[in-house]
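Remarks on the structure that follows.
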Amino acid sequence: MATAASTSAAAVAAASRLLVRRAPPRLLRRLPRAALAASRPSLPSSSSYGAAAVALGHRARMGHTAAAAASAGPALGLTKPNAVEPPQVSFAAKDVEFSEWKGDILAIAVTENDLVKGSDSKFENAVLKKLDGQLGGLLSEASAEEDFTGKAGQSVVLRLPGQGFKRVGLIGLGQNAPSTTTACKGIGESVASVAKSAQASSAAIVFASVGGIQENFKLTAAAAIASGTVLGLHEDSRYKSESKKVHLKQVDLIGFGSGPEVDQKLKYANDLSSGVIFGKELVNSPANVLTPAVLAEEASNIASTYSDVFTATILDVEKCKELKMGSYLGVAAASANPPHFIHLCYKPPGGNAKRKLAIVGKGLTFDSGGYNIKTGPGCSIELMKFDMGGSAAVFGAAKALGQIKPPGVEVHFIVAACENMISGTGMRPGDIVTASNGKTIEVNNTDAEGRLTLADALVYACNQGVDKIIDLATLTGACVVALGPSIAGIFTPSDELAKEVAAASEISGEKFWRMPLEESYWESMKSGVADMVNTGGRQGGSITAALFLKQFVDEKVQWMHIDMAGPVWNDKKRAATGFGVSTLVEWVLKNSS
Numbered sequence: 000m001a002t003a004a005s006t007s008a009a010a011v012a013a014a015s016r017l018l019v020r021r022a023p024p025r026l027l028r029r030l031p032r033a034a035l036a037a038s039r040p041s042l043p044s045s046s047s048y049g050a051a052a053v054a055l056g057h058r059a060r061m062g063h064t065a066a067a068a069a070s071a072g073p074a075l076g077l078t079k080p081n082a083v084e085p086p087q088v089s090f091a092a093k094d095v096e097f098s099e100w101k102g103d104i105l106a107i108a109v110t111e112n113d114l115v116k117g118s119d120s121k122f123e124n125a126v127l128k129k130l131d132g133q134l135g136g137l138l139s140e141a142s143a144e145e146d147f148t149g150k151a152g153q154s155v156v157l158r159l160p161g162q163g164f165k166r167v168g169l170i171g172l173g174q175n176a177p178s179t180t181t182a183c184k185g186i187g188e189s190v191a192s193v194a195k196s197a198q199a200s201s202a203a204i205v206f207a208s209v210g211g212i213q214e215n216f217k218l219t220a221a222a223a224i225a226s227g228t229v230l231g232l233h234e235d236s237r238y239k240s241e242s243k244k245v246h247l248k249q250v251d252l253i254g255f256g257s258g259p260e261v262d263q264k265l266k267y268a269n270d271l272s273s274g275v276i277f278g279k280e281l282v283n284s285p286a287n288v289l290t291p292a293v294l295a296e297e298a299s300n301i302a303s304t305y306s307d308v309f310t311a312t313i314l315d316v317e318k319c320k321e322l323k324m325g326s327y328l329g330v331a332a333a334s335a336n337p338p339h340f341i342h343l344c345y346k347p348p349g350g351n352a353k354r355k356l357a358i359v360g361k362g363l364t365f366d367s368g369g370y371n372i373k374t375g376p377g378c379s380i381e382l383m384k385f386d387m388g389g390s391a392a393v394f395g396a397a398k399a400l401g402q403i404k405p406p407g408v409e410v411h412f413i414v415a416a417c418e419n420m421i422s423g424t425g426m427r428p429g430d431i432v433t434a435s436n437g438k439t440i441e442v443n444n445t446d447a448e449g450r451l452t453l454a455d456a457l458v459y460a461c462n463q464g465v466d467k468i469i470d471l472a473t474l475t476g477a478c479v480v481a482l483g484p485s486i487a488g489i490f491t492p493s494d495e496l497a498k499e500v501a502a503a504s505e506i507s508g509e510k511f512w513r514m515p516l517e518e519s520y521w522e523s524m525k526s527g528v529a530d531m532v533n534t535g536g537r538q539g540g541s542i543t544a545a546l547f548l549k550q551f552v553d554e555k556v557q558w559m560h561i562d563m564a565g566p567v568w569n570d571k572k573r574a575a576t577g578f579g580v581s582t583l584v585e586w587v588l589k590n591s592s
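The numbering of the sequence shown is numbering that gives the first Met the number 0, which starts it at 0 and goes up by one.
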């Protein structure tokens, strides 16, 4: 393709240096924790990310810094992301009287029933009645004039002179108080929206129905509201000529109790949100900026920032050849940007790990389809930067876990990063490639490339001696047809693992649906000249893709494949969703002691 051909000679040379400057060049490049950042060479010229990390409260901000952008050479199109800090919000749970709170905006979450008025035309709800009395009936008047009925998605904001809070906002919940993580995140997003409109630097959130949220759900609700607020404030403007300033810095949650337990939950929400934002920004980054080398650099940044619990290993082409990763290297062969096989290893503080997990992500930083090039309406070739959405979920989770530091569990984060391009050195339809477990694959479609990279990544993961593996991939359009744009399909022979992920998703609010692993469909994957073909046709395409991956997993290891081709991207917002990060973090925590 023209994009690959137009990559500058300087970019190719720089990328080559990143691979071969380690001595001896054929050896595995293990990056020691403390020396990781110092030992790294300059990035390839297609990068504008960089190695620097800028403090973000108690967290750290990886990549995208002004210093990194200044030190990197120009990418194709001379594109460099602006240095835009993500939202930095402090959350606190406070036991105070809401009417005495002082700040910019007091946000009151109300159901439709909360707005019911008595025969005297006054609110029956105690919270609204007290506040309306304090405001001389202004709240009652405004809700009527603005036709605010408390429906979900509705909001109204009033500016108030002479009060401790400058504005009061009513946020509609619908008929009932929230009982799910998704609903609570929506409240946080609404608070973010009204705070942005008012350019508020501080806000408080209180529910009109004091007993509306069940006691055993309050901690989860507080965390979800905090997470929704941060994610609602975030706008990825790194590639725009102008960016909007985020004013909100402090949010108080009233009526959720107080103390170390809720404070820890709120910190967790901030840590998790930073991982989700990181994942979103990786997917949003265009392929001319986020090359396999830059993705490897971003992963290395995680290891250097959280060097007390992480190490990074980056395998170059020669080492991948030594490990006989013919399936992965076959996909990478056409691109001018060399492949990078990335392995982050999390070991808990103290090093006592009772369980070993692996999370494997598909890392195609661009997918042209290869010689089976993506053409025609609906092929979405212009969106194929999101074909590394699995790896973004993996590294987003790694970033969050580096801050949370769960005990008792070792986690391997593995990504076979590359591009699927077209050139004279590329893989052709009909070629046979050999994976690192010795199995041969007849390539009957070069656009079924993600499973070829995952094959070697799964073999590598099994060789780490792990108990459980989850792989995530934007693997098939068939799964989108089956489940639509907001639900990921999960495939696993393990009922136990399916239950674990289902429990994690209940907390994260992300949607999954278990799909069948119909063994009889394997007949369509048989080859006359190799052990298997890489695609079995249109019917049951997501199932045959999962059955293909199963051939590269040790039978003793519990394994799950997640096809996230639908929920990786929000067509309405034209941006990444950060899908998968929250569920992965919850799953690791459930496996932690």
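Note that the Cβ used here is the ideal one computed from N, Cα and C, for glycine as well. Predicted model, so just to flag it, every value in this text is computed and none were measured.
- [ ] Mind listing, in chain order, the continuous beta strand (DSSP E) runs of no fewer than 3 residues lying wholly within the stretch 266-350?
- [x] 309-314, 339-345
TODO: State yes or no: is the C-beta of Ser208 within less than 8 Å of the C-beta of Thr310?
DONE: no
Task: Ser154 - partner residues in DSSP beta bridges - done: Ile170
- [ ] Name the one or two DSSP bridge partners that Gly362 has.
- [x] In the DSSP output, where bridge partners are listed per residue, Gly362 has Ala416.
- [ ] Using the Cα positions of Glu297 and Ile204, report the straight-line distance between them to the nearest angstrom.
- [x] Going from the Cα of Glu297 to the Cα of Ile204 covers about 35 Å.
TODO: Ignore the nearest five residues each way along the sequence and tell me which others in Ala454's own chain have a CB closer than 6 Å to its CB.
DONE: Closer than 6 Å at the Cβ level, and outside the excluded window around Ala454, lie Ser326, Ala434, Phe551.
Open item on the list: For the structure I just gave you, are there three or more beta carbon pairs, one from the stretch 300-318 and one from the stretch 255-272, closer than 8 Å?
Closed with: no
Task: Integer-rounded CB distance, given that Ser390 should sit under 8 Å from Gly362 - done: A Cβ-Cβ distance of about 4 Å is found for the pair Gly362 and Ser390, placing them in contact under the 8 Å criterion.
Task: Which residues DSSP lists as bridging Lys355, in chain order - done: Glu409
Open item on the list: In the DSSP assignment, the alpha helix (DSSP H) including Ala106 goes from what residue to what residue?
Closed with: No alpha helix (DSSP H) holds Ala106; the beta strand (DSSP E) holding it covers 102-109.
- [ ] Using alpha carbons as the reference points, say which of Lys373, Glu321, Pro406, Glu418 lies closest to Asn351.
- [x] Pro406
- [ ] Give a yes or no on whether the C-beta atoms belonging to Ile468 and Val556 are separated by under 8 Å.
- [x] In this structure, Val556 lies closer than 8 Å to Ile468 by Cβ.
Task: Buried versus exposed call for Asp270 [16 or more other C-beta atoms within 10 Å across all chains shown] - done: buried
Task: From Leu252, Thr576, Ala331, Lys572, residue whose alpha carbon lies closest to that of Gly395 - done: Thr576
Open item on the list: Please report the distance separating the alpha-carbon of Leu548 from that of Gly375.
Closed with: In a straight line, the C-alpha of Leu548 is about 28 Å away from that of Gly375.
- [ ] Take Pro471 as the anchor and find which of Pro348, Asp113, Phe385 has the nearest alpha-carbon.
- [x] Sequence check: residue 471 is Leu here, not Pro. It is Phe385 whose Cα lies nearest to the Cα of Leu471.
Open item on the list: Just to confirm my understanding: we take Ala544, look at its own chain, exclude 5 residues before and 5 after, and list those with CB closer than 6 Å. What are they?
Closed with: Take Ala544, set aside five residues on each side of it, and the residues of its chain with a beta-carbon closer than 6 Å to its own are Arg450, Leu474, Thr475, in chain order.
TODO: May I ask you to report which of helix, strand or coil DSSP gives Ile204?
DONE: When DSSP states are grouped into helix, strand and coil, Ile204 belongs to the strand group.
Task: Contacting residues, own chain, Cβ-Cβ under 6 Å from Ile403 (five flanking each side not counted) - done: Asp270
Task: 7 Å Cβ shell around Leu482 - same chain, five flanking residues per side excluded - done: Gly488, Trp512, Gly565
TODO: Report yes if the C-beta distance between His339 and Pro291 is below 8 Å; otherwise report no.
DONE: yes
Task: Residues near Ser504 in its chain [Cβ-Cβ closer than 6 Å; skip 5 each side] - done: Closer than 6 Å at Cβ, skipping near neighbours: Phe511, Thr582.
Open item on the list: If contacts are defined as beta-carbon pairs under 8 Å, then Ala197 and Ile276 qualify, I think. What distance do you get, rounded to the angstrom?
Closed with: Actually they do not touch by this definition, with Cβ atoms about 23 Å apart.
Open item on the list: According to DSSP, is Ala487 part of a helix, a strand, or is it coil?
Closed with: strand
Task: Sequence-distant residues of the same chain with beta carbon closer than 8 Å to Lys150, five excluded per side - done: Glu111, Gly171, Gly173
Task: Helix, strand or coil at Arg450 according to DSSP, with G and I counted as helix - done: helix
TODO: Using beta-carbon positions only, say whether Glu188 and Leu230 come within less than 8 Å of one another.
DONE: yes
Open item on the list: Buried or exposed for Lys101, going by 16 or more other Cβ atoms inside 10 Å?
Closed with: exposed
Task: Identity of the residues DSSP links to Phe122 by a beta bridge - done: Partner(s): Lys116.
TODO: In angstroms with no decimal places, state the Cα-to-Cα distance between Val167 and Lys128.
DONE: 14 Å
Task: Stretch-stretch touch, CB-based, cutoff 8 Å, three pairs: the stretch 114-125 with the stretch 152-163 - done: no
- [ ] Work out the CA separation of Ser272 and Met383 for me, nearest whole Å.
- [x] 25 Å
TODO: Indicate the three-state DSSP secondary structure (helix, strand or coil) for Asn443 in the structure shown.
DONE: coil
Task: For Thr424 and Ala332, believed in contact at Cβ under 8 Å, the rounded distance - done: 5 Å
Open item on the list: Rounded to the nearest angstrom, what separates Ala497 and Val584 at their Cα positions?
Closed with: Computed Cα separation, rounded: 15 Å.
Open item on the list: So the candidates are Ser306, Asp307, Leu252, Ile313; which of them puts its Cα closest to the Cα of Leu294?
Closed with: Ile313
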